[in-house]
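Input: a single structure, listed below in structure tokens.
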Amino acid sequence: MTHAEAIIETRGVSKQFGGFTALKDVSVAIRPRVLTSIIGPNGAGKSTYFNLLSGAFSPSHGRLFFEGRDITGLKPHEFAHIGIAKSFQITNLFPNFTALQNVRIALQAQVSRYGLWRRRSALTALADEAATLLDTVGLADRAGRLARELAHGQQRALEIAVALAAHPKLLLMDEPTAGMSPEETKTMMTLIRKLVGERTVVLVEHKMKMVMGISERIVVLHHGELIAEGTPDDIRANDMVKRVYLGQREH
Ligand SMILES: Nc1ncnc2c1ncn2[C@@H]1O[C@H](COP(=O)(O)OP(=O)(O)O)[C@@H](O)[C@H]1O
Ligand SMILES: [Mg+2]
Numbered sequence: 000m001t002h003a004e005a006i007i008e009t010r011g012v013s014k015q016f017g018g019f020t021a022l023k024d025v026s027v028a029i030r031p032r033v034l035t036s037i038i039g040p041n042g043a044g045k046s047t048y049f050n051l052l053s054g055a056f057s058p059s060h061g062r063l064f065f066e067g068r069d070i071t072g073l074k075p076h077e078f079a080h081i082g083i084a085k086s087f088q089i090t091n092l093f094p095n096f097t098a099l100q101n102v103r104i105a106l107q108a109q110v111s112r113y114g115l116w117r118r119r120s121a122l123t124a125l126a127d128e129a130a131t132l133l134d135t136v137g138l139a140d141r142a143g144r145l146a147r148e149l150a151h152g153q154q155r156a157l158e159i160a161v162a163l164a165a166h167p168k169l170l171l172m173d174e175p176t177a178g179m180s181p182e183e184t185k186t187m188m189t190l191i192r193k194l195v196g197e198r199t200v201v202l203v204e205h206k207m208k209m210v211m212g213i214s215e216r217i218v219v220l221h222h223g224e225l226i227a228e229g230t231p232d233d234i235r236a237n238d239m240v241k242r243v244y245l246g247q248r249e250h
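Numbering that gives the first Met the number 0 numbers the first residue of the sequence shown as 0 and each following residue consecutively.
Spelled out as structure tokens, the structure:
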């Protein structure tokens, strides 16, 4: 893949917290419209890398490119404007509004940005799109429920619908199945799979087994360094990855 083909790319990126190096010289180019998973044991630097991709952190060294454009140092809200969204900020949900209202509010924020909100046709389109987004995430039958009344897995699905309202080109998710029951986990993995294709999805996950079946590309971090990158088959066969995951309880 050439530089221009990557949707997002980090070049020689490092992140220091005081004297501690959480990420060291990580160069990765992420392909558009595929599902890439970032894996690694706890403390590997996954969430730090996620925060760099989403714009929450700026790198201490190195550069970040989005569709070939250098975006190093842009503000978090500028990351959102260029099409990078992250899911699972539970604070994004309004607990006392319904599922449908939560998505409508997110869509409304988009529409007002473009000054279209007064037009009746825009409002109708908005209502339709909110319903469509709820349907996409499997919450069509929960539209009228208050967000706070939804089950944990459903709240997370609603978070995704809210993130999708911004029409992101790149959707980032950090351990989307954390705290979920096996049943909720299965539903969420199926949903994530469905989201890929129309957009790029990057998933951070520490359980390797979870992402092997659904990812097209896998990036492995360990002690802040990139130790492997490739297809799930490449990663399964990689000796370094096997060593790192050996002795881990959950993989
Ligand atoms: N804000 C921070 N300040 C200091 N150290 C941090 C901070 N965030 C993460 N770290 C450290 O960086 C390392 C990587 O953390 P993290 O990216 O959260 O790993 P992972 O998500 O793979 O479990 C850990 O040792 C963690 O303690
Ligand atoms: Mg983490």
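We put the CB at the ideal spot given by N, CA and C, even for glycine. Keep in mind the model is a prediction, meaning the values are calculated, not measured.
Distances from the CB of Lys-45 to the heavy atoms of ligand 2 include at least one below 7 Å.
In this chain, Leu-194 is not harboured by any beta strand (DSSP E); it is covered by the alpha helix (DSSP H) spanning 181-194.
Bounds of any alpha helix (DSSP H) do not take in Val-25; it lies within the beta strand (DSSP E) bounded by 19-29. Rounded to the nearest whole angstrom, the C-alpha separation of Pro-167 and Ala-84 is 6 Å. The beta carbons of Arg-30 and Ala-55 sit no closer together than 8 Å. The alpha-carbon separation between Arg-242 and Gln-100 amounts to approximately 48 Å. Here Leu-171 is buried, its C-beta having at least 16 other C-beta atoms within 10 Å.
Every candidate beta strand (DSSP E) stretch fails here, since none sits fully inside the stretch 125-150 while reaching 3 residues.
With a beta-carbon spacing of about 15 Å, Leu-106 and Glu-158 fall beyond the 8 Å limit used to define contacts.
If you check the CB distance, Ile-38 and Val-210 come in under 8 Å.
Each of Thr-176, Val-25, Ser-59 and Val-240 was checked against the Cα of Ser-86, and the nearest Cα belongs to Thr-176. For Phe-16, the closest of Leu-163, Gly-137, Gly-223 and Asn-237 by C-alpha to C-alpha distance is Gly-223.
The alpha carbon of Phe-64 has as its nearest neighbour, out of Thr-9, Ser-36 and Gln-109, the alpha carbon of Thr-9.
By the criterion of a C-beta distance shorter than 7 Å, Glu-204 is surrounded in its chain by Ser-36, Ile-38, Glu-174 and Val-210, once the five residues flanking it on both sides are discounted. With contact defined as three or more Cβ pairs closer than 8 Å, the stretch 192-207 and the stretch 44-62 are in contact.
C-alpha of Ile-104 to C-alpha of Ala-146: approximately 13 Å in a straight line.
The alpha carbon of Tyr-48 has as its nearest neighbour, out of Leu-245, Leu-225, Asp-233 and Ile-234, the alpha carbon of Leu-225. Three or more Cβ pairs drawn from the stretch 207-221 and the stretch 229-243 lie within less than 8 Å of each other, which places the two stretches in contact. In this structure, the CA atom of Asn-95 is about 15 Å from the CA atom of Gln-153.
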